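Undergrad: Submitted below is the structure of interest, expressed as structure tokens.
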Amino acid sequence: MNRITLAGCVFVLALPLCAQDRATLNGTITDPSGAIVSSATVELRSSDTGLRRDAATNENGIYEFSSLPVGTYAVNISKPGFKPLVIRQVDLLFGQVRTLDAKLDVGGTTETVQVNATIEALNRTNGEIGGVVEAPQIREIPLDGRNWATLMTLAPGAINTGDGAQRSIRFNGHSLDDSNFTFDGIDTSGVQEQTQKADTRLNVSLDSIAEFRVSSAAYTAETGAAGGAQINVVSKTGSNNFHGSAFEFLRNNALDSRSPFDPPDIPPFRLNQFGGSFGGPVIKDKAFFFANYEGLRQELTNTMISIVPNAAARSQIIATSPVLKPLVDGYPVGQTPNDAFTDRLTVAARNTTREDSGMFRFDYRFSDQSTAYLRYNIDNAYIDNPQDALGTRNVIPHIPQNLVLQFQHVFSPSTINESRFGINRANYHNWTYGTSPIGVSSQYFDSTNSNSLDSEIGTTFSYIDNLTLVRGRNTLKVGAEIRRIRLNNSGNTIRSSSIDFATLDDFIHNQPDNITILEGEGIRGDRRTFFMGYAQDDLKLTPTLTVNLGLRYEFYTVAHEILDRAAVVDVQGCGGFCPKGTPFYDPNPRDFGPRAGLAWAPAMLHGKTVVRSGFGIYYGGNQNDDFSDPMESAVPRYSISSTDVPNLSYPIDPFVQPQFALYSPKAIDRHRKDLSYENWSFAIEQQLPGSFTGQLAYVGSEGHHLFDKYQVNLINPLTGKRPLAQFSQFGLKTNDGNDNFNALQLSLQRRFVNGFLWQTQYMWSHGIADASIGAGESVTIQNMSCRACDRSDAPFDIRHTMTSNAIYQLPFGPGRRYLNGHDVMSRLLGGWDLSGLATASTGRPVNITIKRSASQLPDGNTGSQRPNLVPGQSIYATDQTIDNWFNPAAFAAPAKGTWGNLGRNIARGPGYYEIDTALQKRFQMTERFTLNFRAEAFNLFNHPIYASPSGNTSSGGFGQIISILNTGAVGTGTPRRVEFAMRLDF
């Protein structure tokens, strides 16, 4: 309790977190000889809203404007004895610290010099690795499904492991749950899991986004709450002019291509995305509004393939074990022979998605010193999604909401305070409709599922306060955030059970390896609070060298259930269940994270080269789902193993025959520590001809105290008994996982200048892990007493990734270089735009496994077992095809009482590349109204993008690829899709 009290005192003293949803402008004013000019007046004025700020240069000739809204500004610089200087078109991106130096010419105050600002291409202010996705990219880059999350792949360090949705993108080797998502600086992560639990595409509509920033490495102490990337989206605002849009995106199967697994006739498909936006002034220069709506209606027929028992297998199972007929009947009949005991079942499964998303923002300026805004966002989604060819379906109603209220006051040009309050809410339900009275896992066939229902109603309340002080060469920032998490959720509220057969022969003879039964769970109340504070100093040692020093502190309170409906398990401390009221785990009050960085632009290289470096220690509180085990253990759950019950067979009910039942709790290490990462980077950024910039960077990280899971209470090989006789084998979550990541990153980009934008990111990387888990990623420890045996390539270890995007306005027509008139030819040939997105990567790791019964293993743990590698055999087939990816002769079953010697994740699936393109024609209807017609093609060349092959050597589908990477309607990895759009802007 004393530690918690001490932590609380630290935060009270720190209060007057900063999400970088604003921008900073600074610079040095000199005279023609290069001498500094002190006491010069610098006036800043927004071109959009009329916002005005004033500052004066200090004794070092330095001025600074902090916490500015993103947008375009004009800068006026004046001092008696010099000609006034007006710099127009100063664009500020959010999270940007832009340096704008200027020289004043000697002369009279009536001789004003006017210039346009050049594009700020280099980062001269900190060591951060990251990037801003700008408005032209959001507006023009072809995005399948208009999912904003795909744009995250444009940032350095991004790895797309799936369909380009939020749940499939990670950064610099971190887990999926290591990224922190904010909207206008307010947490917008999934409340139970860090990523959104359902792949809703409009939780943030593209037309409501001004721009967003991805900080993937070496970011300052202002941000945290996760060890990986910081992704912050900034909403659009109104201005002094009325602007709006209306659009319709339409797609169907008429021009689509079929996947290699589709029947000859392309399955039906229809997608409509429609909406509009409107914003403008309520009171000129004082009050503004912006509103956006987008709807989505999708009907898709998926081709799905499953491996099912054929007629011979069905007859043999039912003849040998008639009681298994209900389980066998849960498998539909297949159509195509696969091997002696299985058929392939191919079905056309219908997928329905409906979404309605809206956003409203109101900005009010009390004065040039005091401003405020309110923004509210909601997405009402319904997803009916087939899971397999067997008939399992997920029905997901999901309503995420997000609100922010922000107030900013400028006490003086050098003292600014910003306060923010936000609410993030998830209302999520998932109904699974299965085909069997009990879930059946037989390894040789695909698994069937029974019915289930789980719910999540979670709300996060955030209060943030940031204070900025500019003192001489120092820009000091201090702040704090309090984040309260209130999660009411349940696992499966329906009583469910499953049965596991190790081999086909066991299935035929009704000899299950394990049977589990779970009583339905009720709603439970999970509560946690985050306390976070920081201090950051950006010191401009010289005009060419800036040093960043910061310290961040994070304290995550212990998760608890509000009505004490939990069952804490501690084998060492309590010998099983602990007394009621026992904390889930010990708090960790020592999470101090130092940050350091520098940016140096050597004068000898004329400011065209910047050397940047950074180091930091980052902590994360883990997702709330990681701490649910004690609450789930309060619900009766039983496991019956063949090692505990000889001659185990189906049917069996432990509630009728309790002597067979062993309680199967879930446990969490009560002495766990919070996850931490040490991240470091070094980069050289170079300005190149043609408005291009290039960057060469090395990024490294090392993770400690990562979540993993052990199977405990295993059978002692000497005694043949479990240490705790009242329990079966059960999982224990610990935090002793480790990983490391190293990458070479190359970037080439050209910001949108004169109608042309280009950006390319390439990464050569290697990630190593020892079975750590996160965001629901599977547990892979084979031998619980040998963690080193599982140290291997990480599941996300994709060695080479490349992303490139471009926008090109053809130089013809009104307002462009050629045919710049208003005649028919100019209008016909002018107004054409091209844009594209290209992605490519090498193959993803595949873990080769084998199904073994508990009696074959020294400790009875059947999870994640691997075979032996046969010497002299290649693991890949000689004539590799999608039906024959691996060489079965390379793998052999280990002898009884031994573990397999095959390493983890030693195999690789197929790589992929995809090119998406868009062609747009602009029609200037009037001076204010523009009509745009757009045609988009995703996976333009219809290159097959395959999923990874099955790595289960015990399955009839081993080494076979039976689907494309993305079987959904949208996202990366689909067959070629063609879409048309019409858009009206004014």
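Whatever position you read off the sequence shown (first residue = 1), add 1 for the working numbering. We put the beta carbon where it would ideally sit given N, CA and C, even for glycine. Quantities reported herein were computed from a predicted structural model and do not represent experimental measurements.
#1: Indicate whether N953 and N906 have their beta-carbon atoms separated by less than 7 Å.
#2: Could you tell me whether the region 789 to 796 touches the region 721 to 730, where touching means 3 or more Cβ pairs closer than 8 Å?
#3: Going by the CB atoms, is the gap between E562 and M632 shorter than 7 Å?
#4: So, are the CB atoms of R613 and A604 less than 7 Å apart?
#5: Let me know the secondary structure DSSP gives S499 once reduced to three states.
#6: On the three-state DSSP scale, how would you describe P631?
#7: Starting from A320, trace the alpha helix (DSSP H) in both directions and tell me its first and last residue.
#8: Under the rule that 16 or more other beta-carbon atoms within 10 Å means buried, what is H672, buried or exposed?
#9: Do you know offhand how far A970's Cα is from P945's?
#10: Output the distance between the C-alpha atoms of G822 and R929, rounded to the nearest integer angstrom.
#11: How far does the alpha helix (DSSP H) with F508 in it reach, from first residue to last?
#12: Take the Cβ of G598 as the centre, count every other Cβ of all protein chains shown within 10 Å, and call the residue buried at 16 or more, exposed below.
#13: Below 7 Å between beta carbons: does that hold for E686 and E703?
#14: Are L406 and T436 touching if we call contact CB-CB under 7 Å?
#15: Check the C-beta distance from T460 over to R426 and give it rounded, since I have them as a contact under 8 Å.
#16: Considering E141, what are the terminal residues of the alpha helix (DSSP H) in which it resides?
#17: Whether or not the region 485 to 499 and the region 520 to 527 are in contact is what I'm after, with contact meaning three or more pairs of Cβ atoms, one per stretch, closer than 8 Å; do they touch?
#18: What are the boundary residues of the beta strand (DSSP E) that Q537 is part of?
#19: Sort out for me which residues DSSP pairs P595 with in a bridge.
#20: Between A841 and Y913, how many whole angstroms is the CB-CB distance? I'm expecting something under 8 Å.
#21: So Y64 and V91 are supposed to be a Cβ contact under 8 Å. How far apart are they, rounded?
#22: Considering only residues of the region 115 to 190, which uninterrupted alpha helix (DSSP H) runs meet the minimum length of 4 residues and lie entirely inside it, listed in chain order?
#23: If you draw a straight line from the alpha carbon of G814 to that of Q688, how long is it in whole angstroms?
#24: By Cβ distance, which residues of its chain are closer than 6 Å to Q115, with the 5 residues on each side in sequence left out?
#25: Compare the beta carbon distance of Y639 and I518 with 7 Å and say whether it is the shorter of the two.
#26: Give me the Cβ distance between S260 and T304, rounded to the nearest whole Å; I'm assuming they're in contact under 8 Å.
#27: For E703, which of helix, strand or coil comes out of DSSP?
#28: Can you give me the Cβ contacts of G582 inside the same chain, cut-off strictly under 8 Å, excluding the 5 residues immediately before and after it?
#29: When the Cα atoms are used, what is the spatial distance from M153 to N161?
#30: So the candidates are P911, G239, T545 and S413; which of them puts its Cα closest to the Cα of D55?
#31: Could you give the distance in angstroms between the alpha-carbon of D880 and the alpha-carbon of Y809?
#32: Between V38 and the rest of its own chain, which residues show a CB-CB distance below 8 Å, the 5 nearest in sequence each way excluded?
#33: Classify Y664 as buried or exposed, calling it buried when 16 or more other Cβ atoms lie within 10 Å of its own Cβ.
#34: Measure from the alpha carbon of A948 to the alpha carbon of each residue in G960, G594, S955 and F939, then state which is nearest.
#35: Straight-line CA distance for N589 to F708?
#36: Give the DSSP-derived three-state secondary structure of P264 in the structure shown.
TA: Taking the structure as given:
#1: If you number the sequence shown from 1, residue 953 lands on position 952. If you number the sequence shown from 1, residue 906 lands on position 905. Against a cut-off of 7 Å, the Cβ pair of N906 and N953 comes out as no contact.
#2: no
#3: For the purposes of this step, residue 632 is taken as the residue at position 631 of the sequence shown. For the purposes of this step, residue 562 is taken as the residue at position 561 of the sequence shown. In contact: M632 and E562 (Cβ atoms closer than 7 Å).
#4: In the sequence shown, the residue the question calls residue 613 occupies position 612. In the sequence shown, the residue the question calls residue 604 occupies position 603. No.
#5: Against the sequence shown, residue 499 aligns to sequence position 498. Note: S499 maps to strand in three-state DSSP.
#6: Locating residue 631 in the sequence shown gives position 630, where the first residue counts as 1. Helix, per DSSP.
#7: Here the question's residue 320 lines up with position 319 in the sequence shown. Residues A312 to T321.
#8: On the sequence shown, position 671 is the one that residue 672 refers to. Counting Cβ neighbours within 10 Å, H672 comes out exposed, since fewer than 16 surround it.
#9: Here residue 970 refers to the residue found at position 969 of the sequence shown. Here residue 945 refers to the residue found at position 944 of the sequence shown. Across the structure, A970 and P945 are spaced so that their CA atoms are roughly 15 Å apart.
#10: Within the sequence shown, residue 822 is the residue found at index 821, counting from 1. Within the sequence shown, residue 929 is the residue found at index 928, counting from 1. Rounded to whole angstroms, G822 to R929 spans 17 Å at the Cα level.
#11: Here residue 508 is taken as the residue at index 507 of the sequence shown, counted from 1. L505 to I509 is the extent of the alpha helix (DSSP H) around F508.
#12: By 1-based counting over the sequence shown, the position of residue 598 is 597. Label assigned to G598: buried.
#13: To locate residue 686, count along the sequence shown from 1; it is residue 685. To locate residue 703, count along the sequence shown from 1; it is residue 702. No.
#14: Residue 406 sits at position 405 when you count from the first residue of the sequence shown. Residue 436 sits at position 435 when you count from the first residue of the sequence shown. Cβ atoms of L406 and T436: not closer than 7 Å.
#15: Residue numbering aside, residue 460 sits at position 459 when the sequence shown is read from its first letter. Residue numbering aside, residue 426 sits at position 425 when the sequence shown is read from its first letter. Indeed, because the Cβ distance is near 5 Å, the residues count as touching under 8 Å.
#16: Position 140 of the sequence shown, counting from 1, holds the residue named residue 141. Element bounds for E141: A136 to E141.
#17: yes
#18: In the sequence shown, the residue the question calls residue 537 occupies position 536. Residues R525 to T543.
#19: Residue mapping note: residue 595 aligns to position 594 of the sequence shown, counting from 1. Answer is L552.
#20: Sequence index remark: in the sequence shown, residue 841 carries index 840 (1-based). Sequence index remark: in the sequence shown, residue 913 carries index 912 (1-based). The Cβ separation is near 7 Å, so the contact holds.
#21: Here the question's residue 64 lines up with position 63 in the sequence shown. Here the question's residue 91 lines up with position 90 in the sequence shown. That belief does not hold up - the Cβ atoms of Y64 and V91 are roughly 13 Å apart, past 8 Å.
#22: 136 to 141
#23: Residue 814 sits at position 813 when you count from the first residue of the sequence shown. Residue 688 sits at position 687 when you count from the first residue of the sequence shown. For the pair G814 and Q688, the Cα-to-Cα distance works out to about 31 Å.
#24: Counting from one through the sequence shown, the residue named residue 115 turns up at place 114. Only V87 meet the Cβ criterion.
#25: Position 638 of the sequence shown, counted from the start, is the residue given in the question as residue 639. Position 517 of the sequence shown, counted from the start, is the residue given in the question as residue 518. Yes, they are a contact pair.
#26: Here residue 260 refers to the residue found at position 259 of the sequence shown. Here residue 304 refers to the residue found at position 303 of the sequence shown. Right, the Cβ-Cβ distance comes to about 7 Å (below 8 Å), so this counts as a contact.
#27: Numbered from 1 along the sequence shown, position 702 holds the residue referred to as residue 703. Note: E703 maps to strand in three-state DSSP.
#28: On the sequence shown, position 581 is the one that residue 582 refers to. Close CB contacts of G582 within its chain, under the 8 Å cut and outside five residues either way in sequence, are with D565 (chain order).
#29: Translated into the one-based positions of the sequence shown, residue 153 becomes position 152. Translated into the one-based positions of the sequence shown, residue 161 becomes position 160. Computed Cα separation, rounded: 9 Å.
#30: Counted from its first residue, the sequence shown places residue 55 at position 54. Ranking P911, G239, T545 and S413 by Cα distance to D55 puts S413 first.
#31: Taking the sequence shown and counting its residues from 1, one reaches residue 880 at position 879. Taking the sequence shown and counting its residues from 1, one reaches residue 809 at position 808. Cα-Cα distance, rounded: 43 Å.
#32: Counted from its first residue, the sequence shown places residue 38 at position 37. Taken in chain order, the residues that qualify are I30, T31, D32, T58, G62, K80, F83 and L105.
#33: As a first step, residue 664 must be located in the sequence shown, where it is residue number 663. Under this definition Y664 is a buried residue.
#34: Start at 1 with the first residue of the sequence shown, and residue 948 comes out as number 947. It is G960 whose Cα lies nearest to the Cα of A948.
#35: For the purposes of this step, residue 589 is taken as the residue at position 588 of the sequence shown. For the purposes of this step, residue 708 is taken as the residue at position 707 of the sequence shown. For N589 and F708, the distance between alpha carbons rounds to 15 Å.
#36: For the purposes of this step, residue 264 is taken as the residue at position 263 of the sequence shown. Coil at P264, not helix or strand.
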